[in-house]
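> Read in order, the letters of the sequence shown are residues 5 to 294 in the numbering used here. We treat Cβ as the ideally placed atom computed from N, Cα and C, and that holds for glycine. Predicted model, so just to flag it, every value in this text is computed and none were measured.
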Amino acid sequence: MEGQIIKALSGFYYCYHEGKVYQCRARGNFRKRKLTPLVGDDVIFQAENATDGYIMEILPRENALVRPPVANIDIAILVFSAVEPAFSTNLADRFLVAIEHEDIRPVICISKMDLADEAETENILQLVEVYRMIGYEVFLTSKEVDKESLIERIEGKTAVIAGQSGVGKSTLLNQLNPDLSLETGAISDALGRGRHTTRHVELLPIGGGFIADTPGFSSIEWTTIEASELQFSFPEIEDRRSGCKFRGCLHENEPSCAVKVAVSEGEIAPFRYEHYLQILTEIKNRKPRY
Ligand code: ZN
Numbered sequence: 005m006e007g008q009i010i011k012a013l014s015g016f017y018y019c020y021h022e023g024k025v026y027q028c029r030a031r032g033n034f035r036k037r038k039l040t041p042l043v044g045d046d047v048i049f050q051a052e053n054a055t056d057g058y059i060m061e062i063l064p065r066e067n068a069l070v071r072p073p074v075a076n077i078d079i080a081i082l083v084f085s086a087v088e089p090a091f092s093t094n095l096a097d098r099f100l101v102a103i104e105h106e107d108i109r110p111v112i113c114i115s116k117m118d119l120a121d122e123a124e125t126e127n128i129l130q131l132v133e134v135y136r137m138i139g140y141e142v143f144l145t146s147k148e149v150d151k152e153s154l155i156e157r158i159e160g161k162t163a164v165i166a167g168q169s170g171v172g173k174s175t176l177l178n179q180l181n182p183d184l185s186l187e188t189g190a191i192s193d194a195l196g197r198g199r200h201t202t203r204h205v206e207l208l209p210i211g212g213g214f215i216a217d218t219p220g221f222s223s224i225e226w227t228t229i230e231a232s233e234l235q236f237s238f239p240e241i242e243d244r245r246s247g248c249k250f251r252g253c254l255h256e257n258e259p260s261c262a263v264k265v266a267v268s269e270g271e272i273a274p275f276r277y278e279h280y281l282q283i284l285t286e287i288k289n290r291k292p293r294y
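1) Let me know if D217 comes out buried or exposed under the rule of 16 or more other beta-carbons within 10 Å of its beta-carbon.
2) Please state whether DSSP places H255 in a helix, a strand or coil.
3) For the alpha helix (DSSP H) that contains K291, what are its first and last residues?
4) Going by the beta-carbon positions, is the gap between N181 and G211 smaller than 8 Å?
5) Run through the segment 101-132 for me and flag every whole beta strand (DSSP E) of 3 or more residues, listed as ranges in chain order.
6) Starting from K173, trace the beta strand (DSSP E) in both directions and tell me its first and last residue.
7) Given V205, which residues of its chain have a CB within under 8 Å of its CB, disregarding the five upstream and five downstream residues?
8) Does the segment 126-136 touch the segment 259-267, meaning 3 or more C-beta pairs lie closer than 8 Å?
9) Where I59 and R109 are concerned, what is the direct C-alpha to C-alpha distance, given to the nearest angstrom?
10) Ordered along the chain, which non-local residues of its own chain (more than five positions away) have a Cβ less than 8 Å from that of E256?
11) Is it true that the segment 49-66 meets the segment 81-93, where meeting means three or more beta-carbon pairs spaced less than 8 Å apart?
12) Are the segment 22-39 and the segment 144-162 in contact at 8 Å, needing three or more beta carbon pairs?
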């Protein structure tokens, strides 16, 4: 049978197949290849009975995050709050770069919009416009969250949700699916366990999809991105790079740089370009790996 691993705990992998969860052990020859099943993996498993089975094969992964360890993520919902803490484009751009680099589609969600005053709201709406122009989807949420559109977005997908503490991630998850506790309860019953904790990764059902709550990308280190690759994590820079005179243009001080022209003409937001240069400098300055 084909299923998806929605939870890994103490050597067991919980495989979801047509509304049922099977507690499986790894048995396939993928272990000889030093491959460990990850939450999110699509697998071929053999059911021994109605509740237990063995994973025989891990199907090819689309992508995989290291922290949290989740595979085959379709979208990453990056949650930032409008206030407390205030929305920071610097932080947002760092999250976006990290996610873009993993070839995962980011969706921006700005929470607590109801707590922002008029000036804060106006400022955020202007920034939201910048991100939408780049092509990012942005959801604004508050106590009266627009649940339907976010739930529709997750339909049939595997998502991760990330954000700093205090941005209201858990509140959002609960708003997204009031049945969540009920549904996770049903699965938990099948697993003979209580509610999930943040100590392990688990895919929770929301709408017709799954979502993994993550402790967040607390520290983003640029250990896997090369300076020349960074531009591909900024869609609006990637779009214009073919217009640069030099092939290896990093859009810093090179002459005839189409990216710098776009910045001076207001087509690329100055703050986005600044963040690009900042991260580029950090990548160049990191200690070499041995
Ligand atoms: Zn350039």
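Looking at the coordinates:
1) Residue 217 sits at position 213 when you count from the first residue of the sequence shown. Buried.
2) Translated into the one-based positions of the sequence shown, residue 255 becomes position 251. Look at H255 here: in three-state DSSP terms it is coil, with no helix or strand label.
3) Against the sequence shown, residue 291 aligns to sequence position 287. It is not in any alpha helix (DSSP H) - K291 carries neither H nor E in the DSSP assignment.
4) Within the sequence shown, residue 181 is the residue found at index 177, counting from 1. Within the sequence shown, residue 211 is the residue found at index 207, counting from 1. Result yes, Cβ atoms of N181 and G211 sit closer than 8 Å.
5) Complete beta strand (DSSP E) runs here, min 3: 109-115.
6) Reading the sequence shown from its first residue, position 169 is the one you call residue 173. Unbroken run through K173 is the alpha helix (DSSP H), K173 to L180; no beta strand (DSSP E).
7) Taking the sequence shown and counting its residues from 1, the one referred to as residue 205 is at position 201. By the criterion of a C-beta distance shorter than 8 Å, V205 is surrounded in its chain by K11, A12, V43, P72, P73, V74, A216 and T218, once the five residues flanking it on both sides are discounted.
8) The answer is no - the segment 126-136 does not touch the segment 259-267, with fewer than three Cβ pairs under 8 Å.
9) Residue 59 sits at position 55 when you count from the first residue of the sequence shown. Residue 109 sits at position 105 when you count from the first residue of the sequence shown. Going by C-alpha positions, I59 is about 28 Å away from R109.
10) Locating residue 256 in the sequence shown gives position 252, counting from the first residue. Result list for E256: L281 and L284, in chain order.
11) No, because fewer than three Cβ pairs between the segment 49-66 and the segment 81-93 fall closer than 8 Å, the two stretches do not touch.
12) The segment 22-39 is not in contact with the segment 144-162.
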